Amino acid sequence: MKPWLNAQFLSTLRLGVKSLLLHKLRSALTMLGIIFGVCSVIAMLAIGEGASYEAQQRIKELGSSNIILRSVKPSDEDKSAGMGRGSMLKYGLTYADGSRLQFTVPGVEHVLPVRIIRESARFGQNDVPVQVLGTLPYYADIAGLEVARGRFLSDTDEAKQENICVLTVGLARRLFPFQDPLENAIKVDAFYYRVVGLVRERSTLQQRTQSGRTEGETLDNNVYIPLSTARSRFGETLIRRSAGGFEMEQVELHQITVRMRDTAAVESAEPQITALLQRFHAKKDYELIVPLQLLRQAEALKRTFNIVLGSIAAISLLVGGIGIMNIMLATVTERTREIGIRRALGARRRDITTQFLVETVVLSVGGGLIGVAVGLVVPLAVSLLTDMKVLITVWSVLLAFSISGAVGIIFGLYPASAAAKLDPIEALRHE
Amino acid sequence: MPADAIIRIEGVEKRYVLGGEADVYALRGVDVAITAGSYVAIMGPSGSGKSTMLNILGCLDRPTAGSYWLGGEDVSRMPDDQLSAARGRKIGFIFQSYNLIAQLSVLENIQVPLLYQGKDLREHHDRCVGLAELVGLGNRLHHRPNQLSGGQQQRVAVARSLVNDPVMILADEPTGNLDSRTGTEVLDLIDRLNAGGKTIVLVTHDEEVAFRAHRVLHMKDGIIDREVFNRALPV
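Residue numbers (the numbering used here), protein chains in the order written: chain B, 280 to 710; chain L, 74 to 308.
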């Protein structure tokens, strides 16, 4: 690069800015298209990234090395085929399923069975609807419970079928507003359970991913008791009063969480588990949730989402670019005489091209800068006004900005070359 | 033909090809030699080839035949970029309608030809100010063209034509848009430049203006019809 080129370029740049400032309103309106385009790229990607980040977090909390099985009440047709009115409905996962999974699927670290009973817990005058979860000690580890006070269930409790329980912190506050819950006993159904510990759930997100299902861990309302205790105290038959009679259900286990040694084992184990369950379940009375697959799906969804958002943003940038081109073509016509003068004074075609290209790029990059500024504010405003999570990534800002520059060059080339192609004699004669 | 001619035009033709019809000749074999420091006026009615001659002399157009030597270089076959550079370096234009760039100040207008020669503006700043003072606009450096009178604008154009120290000043009806008093001022200025050694070629249809030149070339039908010597070149 020759040393004078910089000085010349700088003066071309100054001239470009000057020419644009000559028509302030026109320049501002022209920039608007790019501003919106860049702003929408950044804002859309920020909102998209935020949403998918949140979804991925929820899925990760389910544990990517876990496979979750849930009992599902079979659909009505299946039900009526097997039984008459008022008879026992038997469905769901069984203890046998648990041990079969434990011993036949390679790579299994833990099989965690859970029974869920809806009851109400009482202490003195307080009566609170709760979920009783009968489970094993390592539930705390797999579900990510944090022991706030006391302890969680132990192997001894399980072996001895102890009448003890662990409460979630929120539930303890509701049941024991004035007393210390530890070593007090709560009454559930017909039996008393001594409180040995308080736990805090890692988050309440887990519930939301189950989208509308009533079973499963609800918000901070859980009573944990040993699985063996649950089996002996509550039995396996649940009676539900419904309009016109009783409905009896027999469910052994509501949920089995299979923890694999590592995430790599998840993929190979999944078809084996499916096959195993199909052999022993005539009806499809269970569902299989593989968080790892959900994660993959979420990632694929995010890609699709990004493509859609990206296309919308690209179209708006395209429209902005066409707007710029349109104005620059008008400007070239308007300044034909100036072009003629410059050519007569020694400007080569490429000097004219540079001049108009610089003007277009100043417009689009200027618009790009404003767009970046607005694009950073909009997602923040969105996250303040709604509780949506937004995530502004550096690459989306760089992408949007470089696209705005590219738009300037691409849509500036035609008007600039049109200007350069003008015949100087004709251009000088132009009024 | 004098050997010290700084401008030599030999057998220059300009032919326009019109589809289906016979070709039209704007110039049909022009020979001119202009010595350095002379003042030449070109006259002629419209359609005489005067404008075409001006465009070729100004390197804005190329002849279809013949050669044009300008300051020791044949510019008649130059590609566009080189021709543009030659135009900026060797020719100082003065137009009838001043042709200043509206958004630039007086000083910046004077600097424009420097820009396209790739010269450093700071280095030449003082000289540009000097040129503005020469044409009597030293106190108007930062005015815009629309803040100046026609005579002042034309004087800016004269200063601009000098900035690259060209081989010749090519003036196209420089007084056409001016009243007689300011026109005289501008012509006096051009006379002074010529007295200082500048070669001047001036296109006009005004006998009085042409009378200031050493030589007047009368064009007709694409050739130089006759040539009048008003006075001899100072030796």
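We put the CB at the ideal spot given by N, CA and C, even for glycine.
Every value quoted in this text rests on a predicted model; they were computed, and no experiment measured them.
Item, Value
"Specify the secondary structure class of F680 (chain B) as computed by DSSP and reduced to three states.", "helix"
"Answer yes or no: does any C-beta atom of chain B fall closer than 8 angstroms to that of D238 (chain L)?", "no"
"Residues of chain B with CB under 8 angstroms from I174 (chain L), in chain order?", "E617, I620 and R621"
"What residues in its chain sit with their C-beta under 6 angstroms from that of K87 (chain L), if we drop five residues either side in the sequence?", "A99, L100, T125, P136 and T137"
"Excluding the 5 residues preceding and the 5 following V320 (chain B) in the sequence, name in chain order all residues of the same chain whose CB lies nearer than 6 angstroms to its CB.", "A592 and A679"
"Let me see if you follow: with CB-CB separation under 8 angstroms, is V296 (chain B) close to chain L or not?", "no"
"When the Cβ atoms of the segment 112 to 121 of chain L are set against those of the segment 277 to 288 of chain L, are three or more pairs found closer than 8 angstroms?", "yes"
"Which value, in whole angstroms, describes the spacing of the CA atoms of E328 (chain B) and K581 (chain B)?", "8 angstroms"
"Using the beta-carbon of each residue, which ones in chain L are nearer than 7 angstroms to A626 (chain B)?", "S157 and Y189"
"How many angstroms separate the CA atom of K439 (chain B) from the CA atom of S511 (chain B)?", "11 angstroms"
"Under 8 angstroms between C-beta atoms, does R254 (chain L) make it to chain B?", "no"
"Between the C-alpha atoms of M241 (chain L) and G93 (chain L), what's the straight-line distance to the nearest angstrom?", "39 angstroms"
"Identify which residue in L:L173, L:L207 and L:D199 has its Cα closest to the Cα of V222 (chain L).", "Per the sequence presented here, residue 222 (chain L) reads as Ser, with Val not at that position. The shortest C-alpha separation from S222 (chain L) is found at L:L173."
"DSSP state of C444 (chain B), grouped into three classes?", "strand"
"When DSSP labels each residue in this structure, what does Q529 (chain B) get in the three-state scheme?", "strand"
"Tell me whether the segment 608 to 622 of chain B and the segment 646 to 659 of chain B touch, counting them as touching only if at least three CB pairs, one residue from each stretch, are closer than 8 angstroms.", "no"
"Taking just the CA atoms, how far does G316 (chain B) sit from T373 (chain B)?", "57 angstroms"
"List the residues of chain L that P703 (chain B) touches, going by C-beta distances under 7 angstroms, in chain order.", "L133"
"Straight-line CA distance for E515 (chain B) to E531 (chain B)?", "6 angstroms"
"Give me the Cα-Cα distance between V661 (chain B) and F513 (chain B), rounded to the nearest whole angstrom.", "49 angstroms"
"Using a Cβ-Cβ distance under 8 angstroms, would S683 (chain B) count as near chain L?", "no"
"Strictly below 8 angstroms CB to CB, what residues from chain A border L636 (chain B)?", "In the structure shown, chain A does not exist; the protein chains are B and L."
"Considering only residues of the same chain and omitting the five flanking positions on each side of Q529 (chain B), which have a CB-CB separation below 6 angstroms?", "M367, K369, E515 and T516"
"Quick one: is Q728 (chain B) buried, meaning 16 or more other Cβ sit within 10 Å of its Cβ, or exposed?", "This structure does not reach residue 728 (chain B), given that chain B is present from 280 up to 710, and the question cannot be answered."
"Interface residues of chain L around D630 (chain B) at Cβ under 9 angstroms?", "S157, L188 and Y189"
"In or out: Q458 (chain B) buried (at least 16 other Cβ within 10 Å) or exposed?", "exposed"
"Taking Cβ-Cβ distances shorter than 9 angstroms, what residues in chain B pair up with R162 (chain L)?", "G625"
"How would you write the range of the beta strand (DSSP E) that Y112 (chain L) sits in, first residue to last?", "Y112 to M116"
"Within a Cβ cutoff of 8 angstroms, which residues of the same chain sit near D499 (chain B), ignoring the five residues on either side of it in sequence?", "T447, V448, G449, L450, E480 and T483"
"Looking at the unbroken alpha helix (DSSP H) that takes in K439 (chain B), where does it start and where does it end?", "D434 to K439"
"What in chain L is Cβ-close to Y301 (chain B), meaning under 7 angstroms?", "Before going on, a small fix: residue 301 (chain B) reads as Leu here, not Tyr. Here the neighbours are Q176."
"Is the beta carbon of V390 (chain B) sitting closer than 8 angstroms to the one on Q381 (chain B)?", "yes"
"Per DSSP, A138 (chain L) is paired with what?", "L:E86"
"Starting from the beta carbon of V185 (chain L), find every residue of chain B whose beta carbon is closer than 9 angstroms, and list them in chain order.", "I620, R621, L624, G625 and A626"
"If you draw a straight line from the C-alpha of L143 (chain L) to the C-alpha of V85 (chain L), how long is it?", "13 angstroms"
"Assuming the contact rule is C-beta atoms closer than 8 angstroms, L299 (chain B) and E638 (chain B) should be a hit. Round their C-beta distance to whole Å, please.", "6 angstroms"
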